[in-house]
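This report concerns only the one structure given below.
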Amino acid sequence: MSIPPTTSPTLIPIPSLASTLTLSNSLVSTSSIISTSNLHSPTSAVLSIISTIIPTNPNPATTLSATSLNVPLSPTIISSSTPTTILSPATTASLSSSRTQNGFINAAYFINWGINDRNYYPNQLPAADLTHVFYAFATQLPNGTVISSEPEKDAICIRQLKVLKQNNPSLKVILSIGGWDASQDGSFSTLASTDARRYVFASSAVHMMQAYGFDGIDINWEYPANNRDGANFVLLLKEVRSALDILGNQYNRHHFLLTVAAPAEPAHYRYWRVSDMVQYLDFFNFMGYDYMGAGLSTMSGHQANLYKSSKIPSSTAFETESGVDFYIASGVPPFKIVLGMPLYGRSFENTELGGSFTAPITGSWPDSSGGTNGGGAGVWDYKVLPKAGATEIYAIDAGATYSYDADTRELISYDTVDQVRRKIDYVLSMGLAGAYFWEASADRTGEGSLILTSATRFREAGSLDSTANIVL
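When we follow full-length UniProt numbering, the leftmost residue of the sequence shown carries the number 1, and every step to the right adds one.
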């Protein structure tokens, strides 16, 4: 169903970098913006030339054209053929009465650099079992400008994603900005610190989202480091929400989504002003992984456990339960929390559960591009686990699974099919919005797929989210 906009749709204008630089004498120079030392892509492979697909200095006079991206600006909202389903009372008795009745979220991150490093393209996504795809990552500059981290790859991906959206009218694609690598240079803190930079960030982020034909924005700032960052993060979200609403008014008041990647570790959310953030956000994507691992902990243990271990406390640095409880206690409605799960394992060598370990030197990922914390040593795709000779074990006290090879003394912490079912039951019992996975290329296909396992369990409980996407 094609719904015409209430006004003639235009791309959100972005001030030129030259004019932006006059707004604050503390902004970085144009030359430093283009400097490779200021660009941190998820692959750590810095592009020396920024593609004209998303220019680093867009302005109203040179607004990005739809033609250059093969993305028409005539909006079409496609209604889902799947009727909205009210969840089974027997299964969802504990859910909040204010929870959306459109069904559960079942989402996954897609990495743009993976089309080369992983040979995994958007058209390989299990779109029928997904409600949202988080497209990772765009990159932010210290002056607030949002640019493509992989322009040539984006040009390929967005065309395939558009087709997926047309064929799957409930599939929403969200532009994710930041990530671990791109959060380490302090650019988020810098750009969030002034009105001028926040405006540039919001304008350029929404500009890119619209040009790519996506349905929302996900901000992945890892992590605000002090009270000032926490306060400025709220102001940044307010600015982005306003820009999204301005664009939405051009499309019959369509609601574009705004989400954040929400940390599970207390040290990382201590500066979050959660109660102030709620009003601007559709979902908090709770990062329920990377709790322990090489570079993350001094002991071997569970990287995605639901609970604190009562039997081997040293095997659980922290846990999902207390993190989710924190967000709810801080004012986040359960129906705004999406539980994240890993599609990879973290390995520990020469160890036993909860003991010291030798840092691994191998993994499924190339060192230059893998993992959620950069580097691939010790990170293994779910689809290659368990390794030959290893036994899968369920630690019931921690609500976690892992594999262990007694001969090699290698322990790998990851979620299994049964563990994902248990986690979805936890989502149901808590009244959460749904689940997501990092990241899609590491999953199996067929019955062993964790994305399919999650989708199946949600369908047993009710239905998947059927909110219509928008094709721009």
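Ideal placement from N, C-alpha and C gives every residue a C-beta, glycine not left out.
Do residue j and residue i come within 7 Å of each other at the CB atom, strictly closer than that value?
{"i": "Asn123", "j": "Gln166", "result": "no"}
{"i": "Ala264", "j": "Met287", "result": "yes"}
{"i": "Ala398", "j": "Tyr307", "result": "yes"}
{"i": "Ser204", "j": "Thr259", "result": "no"}
{"i": "Tyr271", "j": "Pro224", "result": "yes"}
{"i": "Ala468", "j": "Pro126", "result": "no"}
{"i": "Tyr120", "j": "Ser441", "result": "yes"}
{"i": "Tyr344", "j": "Val379", "result": "yes"}
{"i": "Ile111", "j": "Glu439", "result": "yes"}
{"i": "Lys162", "j": "His132", "result": "no"}
Measuring only the C-alpha atoms, how far is residue i from residue j?
{"i": "Ile412", "j": "Asp405", "result": "9 Å"}
{"i": "Asn38", "j": "Leu257", "result": "Any reading at Asn38 must be qualified, since the residue scores a pLDDT of 30, below 50, and its modelled position is unreliable; no value is offered."}
{"i": "Glu321", "j": "Glu239", "result": "31 Å"}
{"i": "Ser300", "j": "Ala262", "result": "24 Å"}
{"i": "Ala377", "j": "Ile361", "result": "5 Å"}
{"i": "Leu281", "j": "Asn116", "result": "33 Å"}
{"i": "Leu339", "j": "Phe233", "result": "22 Å"}
{"i": "Glu447", "j": "Asn249", "result": "42 Å"}
{"i": "Asp229", "j": "Trp221", "result": "10 Å"}
{"i": "Arg346", "j": "Arg253", "result": "44 Å"}
{"i": "Asp245", "j": "Asn227", "result": "28 Å"}
{"i": "Tyr382", "j": "Asn305", "result": "16 Å"}
{"i": "Thr408", "j": "Ala388", "result": "11 Å"}
{"i": "Pro266", "j": "Thr401", "result": "23 Å"}
{"i": "Pro333", "j": "Gly179", "result": "25 Å"}
{"i": "Ala461", "j": "Ser454", "result": "11 Å"}
So what does DSSP say about residue i, is it helix, strand or coil?
{"i": "Ala398", "result": "coil"}
{"i": "Thr145", "result": "coil"}
{"i": "Met299", "result": "coil"}
{"i": "Asn285", "result": "strand"}
{"i": "Asp381", "result": "strand"}
{"i": "Asp465", "result": "coil"}
{"i": "Phe357", "result": "coil"}
{"i": "Lys387", "result": "coil"}
{"i": "Arg346", "result": "strand"}
{"i": "Ala406", "result": "coil"}
{"i": "Ser449", "result": "coil"}
If you measure from the CB of residue i, is any heavy atom of the ligand FMN nearer than 6 Å?
{"i": "Asp276", "result": "Here there are no bound small molecules, and the ligand FMN is not part of this structure."}
Taking the alpha-carbon of residue i as reference, which of the options has the nearest alpha-carbon?
{"i": "Lys153", "options": "Phe137, Gly216 and Tyr426", "result": "Phe137"}
{"i": "Gln419", "options": "Phe335, Tyr120 and Glu392", "result": "Glu392"}
{"i": "Met208", "options": "Ser148, Gly178, Trp180 and Arg241", "result": "Ser148"}
{"i": "Pro151", "options": "Lys387, Arg241, Ala211 and Leu343", "result": "Ala211"}
{"i": "Leu353", "options": "Asn106, Phe437, Ile312 and Gly363", "result": "Ile312"}
{"i": "Met430", "options": "Ile470, Trp365, Ala294 and Ala329", "result": "Ala329"}
{"i": "Glu319", "options": "Pro334, Gly331, Met341 and Val332", "result": "Met341"}
{"i": "Ser195", "options": "Gly331, Val417 and Leu237", "result": "The identity of residue 195 in the sequence shown is Asp, whereas the question assumes Ser. Checking every option, the nearest Cα to that of Asp195 belongs to Leu237."}
Whole runs of the beta strand (DSSP E) within the region 208-235, excluding any shorter than 3 residues = 216-220
Write down every uninterrupted run of the alpha helix (DSSP H) in the region 291-336 whose length is 4 residues or greater and which is fully enclosed by it, in chain order.
-> 320-329
Please list the segments of the beta strand (DSSP E) lying wholly inside the region 101-157, counting only runs of 3 or more residues, in order along the chain.
-> Runs found: 105-111, 132-140 and 146-148.
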